[in-house]
Amino acid sequence: MARSGHSACLTSGRHRVHQLQTQELMKNENLELNNYLPEWTLGKMMEKRVIFTAIARAARLFAPKVNQGQWKKRKQMYKTWLFNNKRKKERRDMIKYGRRWTPRMVIYQQK
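Following this line, the structure appears as structure tokens:
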């Protein structure tokens, strides 16, 4: 007998891994996210929630019709896209990672 809430099918004991189906953003959604990208990158931490709400509302006009659960996933895709496409930190020159020369080190090197 199967317990309530469980399926009657017996499996070999292995659980199936739930694979997320990733959908790509539509071209119009990408353009809309690109428009808001400078505002997102310059916004402070406390302002980001308000900014993201505005971005999601604007992008929803171009998104396909989805139910509430799918919309949450879509918003997470937007947030991931924004974090992945924000301005990257400029890397320092490799010479800057070296040790600074002090007069004492120069004297020891000359000897």
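Residue 110 is where the sequence shown ends in numbering that gives the first Met the number 0, and the numbering goes up by one at each step. All C-beta atoms, glycine included, are put in the ideal place defined by N, C-alpha and C. All of these numbers come straight from a predicted model, not from anything done at the bench.
Considering only C-alpha positions, which residue in the set the options is nearest to residue i?
i	options	result
Leu-24	Gln-67, Lys-74, Gln-108, Arg-56	Lys-74
Please classify residue i as buried or exposed, where buried requires at least 16 neighbouring CB atoms within 10 angstroms.
i	result
Ile-106	exposed
Tyr-96	exposed
Trp-39	buried
Arg-103	exposed
Quick test of your reading: residue i and residue j, contact by CB under 8 Å. State the CB separation rounded to the nearest angstrom.
i	j	result
Glu-89	Phe-61	So it is not a contact: roughly 32 Å between Cβ atoms.
Glu-28	Ala-58	5 Å
Lys-26	Phe-51	So it is not a contact: roughly 21 Å between Cβ atoms.
Leu-41	Asn-84	Not confirmed; about 14 Å, so no contact.
Check: At what residue ranges does the region 31 to 75 contain a whole run of the alpha helix (DSSP H), taking only runs of 4 or more?
Finding: 47 to 59
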